[in-house]
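So the sequence shown is numbered by the working numbering: it starts at 30 and just counts up by one. For glycine and all other residues, C-beta sits at the position ideal for the given N, C-alpha and C. What you are looking at is a predicted structure, and each value in this text was computed from that prediction instead of being measured.
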Amino acid sequence: MSKGSNTRSGLLWEVERILLECKENNKLPQVLLMENVPDVIGNKNYKDFTEWYVALEKMGYQSYYKVLNSKDYGIPQNRARCFMVSILGEYKYTFPKKQKLKLRLKDLLESTVDEQYYVSDEKIKFMKTTEFECSKYKNVVQNENGTCSTLCARDFKDPKCVEIVQTDYSKFEQKNRIYDSNGIAPTLTARQSFNELTKIATFGERLIVPKKTKKGYRLASEGDGIYINRSHQKRGVVQKDMIPTLKTSSEDIGIVDKNVRVRRLTPKECWRLMGFTDEDYEKAAKVVSKSQLYKQAGNSIVKNVLMAIFRQLID
30 MSKGSNTRSG
40 LLWEVERILL
50 ECKENNKLPQ
60 VLLMENVPDV
70 IGNKNYKDFT
80 EWYVALEKMG
90 YQSYYKVLNS
100 KDYGIPQNRA
110 RCFMVSILGE
120 YKYTFPKKQK
130 LKLRLKDLLE
140 STVDEQYYVS
150 DEKIKFMKTT
160 EFECSKYKNV
170 VQNENGTCST
180 LCARDFKDPK
190 CVEIVQTDYS
200 KFEQKNRIYD
210 SNGIAPTLTA
220 RQSFNELTKI
230 ATFGERLIVP
240 KKTKKGYRLA
250 SEGDGIYINR
260 SHQKRGVVQK
270 DMIPTLKTSS
280 EDIGIVDKNV
290 RVRRLTPKEC
300 WRLMGFTDED
310 YEKAAKVVSK
320 SQLYKQAGNS
330 IVKNVLMAIF
340 RQLID
């Protein structure tokens, strides 16, 4: 984000250059809006952020910033972003108040989804058992016969097993991650673009998802959003009735459907979770690929949040 860093975040200073040109021509815009990840005001970037704040102040702008989450503005997605509203002149601004979330993730899901969106185990094979990688799971999971590729909570009776799932296709890299107390290691066949594996098991109508906490797992039910890529390295792996932050790829995130199966979001669902209508989506789907539809959703600003910010400018 530093000036002259030649990074994407450093492009912010190109905005300064444009604004200075506008000022020379006495054509500064009345209102500016900046959106970024919350880390923009974190310790690492705060010095540069303050420099940007002061630069705007010297041009005559009053700036107000706050971290807003889309789940507080009507959309069941846990998407926190830092917004800064800058107004030319002596004006005050108050960010919109939080709204009660009425929609659940399942309310925005398509009723019928093609099988291609369900996570498959067809390309995954298994090695013989080895030592258990992470001892903290010993009181959480167990293996029934030394070959079943599952997580089974020790205190639960007869959990239904599902295969290992994983969805990071970006690199070819074999990993021998272990998620059962007898040490079953998943491995990959040659030329398969899998990276990390997350093992998930079911207990009744819920899934057992490993996570990076003392407990070691969390239960997910129908309509919950989950991280399905390296969840054992993360916290907040299960979002109740909502989805984790959407990115430009859908490969990290899954949802639990009514049959307790894990699947990826469809492009249309991603657009719905950014506040767009199906009509908006259909127009875009006519001219761009599915991968671009995912990217456009992940790069967008949640419409509901944006409109709430704009209403405050009018009111």
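Extent of the continuous beta strand (DSSP E) to which residue i belongs
i    : result
S320 : Premise fails: S320 lies in the alpha helix (DSSP H), 319-328, not in any beta strand (DSSP E).
R110 : 109-117
Y91  : Note that residue 91 is Gln in the sequence shown here, rather than Tyr. From DSSP, the beta strand (DSSP E) with Q91 extends over 90-98.
M336 : Counting along the chain, M336 falls outside any beta strand (DSSP E), though it belongs to the alpha helix (DSSP H) covering 332-343.
V285 : 282-285
G254 : 254-256
Close-in-space but distant-in-sequence residues of the same chain around residue i (CB under 8 Å, 5 per side omitted)
i    : result
Y102 : P125, K127, Q128, V331, N333, V334, A337
T36  : M30
E86  : S92
L132 : G103, I104, P105
D344 : none
C-beta atoms of residue i and residue j nearer than 7 Å
i    : j    : result
E139 : T295 : yes
D68  : M30  : no
S115 : Y75  : no
K324 : T277 : yes
K100 : L130 : yes
D270 : L134 : yes
R292 : Y147 : yes
L275 : A326 : yes
Continuous alpha helix (DSSP H) stretch holding residue i: start and end
i    : result
E45  : 41-53
V83  : 75-87
E308 : 307-314
E64  : Taken as a continuous stretch (DSSP letters only), E64 belongs to no alpha helix (DSSP H), being part of the beta strand (DSSP E) at 60-65.
E298 : 296-301
Residues near residue i by beta carbon distance below 6 Å, same chain, minus five either side
i    : result
N65  : C111
Y93  : V114, Y122
K186 : Only weak support exists for where K186 lies, its pLDDT of 34 falling under 50; the value from the coordinates is given anyway. Around K186: no qualifying Cβ.
S199 : Confidence in S199 is poor, its pLDDT being 37 and thus under 50, which makes the residue's placement too unreliable to answer from.
L61  : S115
L57  : C51, L117
A84  : E45
A109 : P67, V96, N98
Nearest to residue i (by Cα), restricted to the options the options
i    : options                : result
V267 : T277, K276, L275, S250 : S250
Q59  : L117, L41, L49         : L117
S320 : W300, G39, M271, I104  : W300
V285 : A314, D253, V316, M63  : D253
S107 : G39, L61, K87, I282    : Correcting the residue identity first, residue 107 is Asn in this sequence and not Ser. For N107, the nearest C-alpha among the options comes from I282.
N328 : M303, P273, I70, V44   : M303
M88  : L48, I255, N98, M63    : L48
I272 : S318, D307, N98        : N98
F339 : N54, E53, M63          : M63
V96  : D344, E86, G71         : G71
K32  : P105, F305, T79        : T79
S38  : K73, T306, E53         : K73
I104 : E53, T306, V317, N55   : T306
Same chain, Cβ closer than 7 Å to residue i, neighbours up to 5 away in sequence not counted
i    : result
L41  : M30, W81
E298 : L137, L138, E139
Q341 : Y122, T123, F124, P125
V142 : R292, T295
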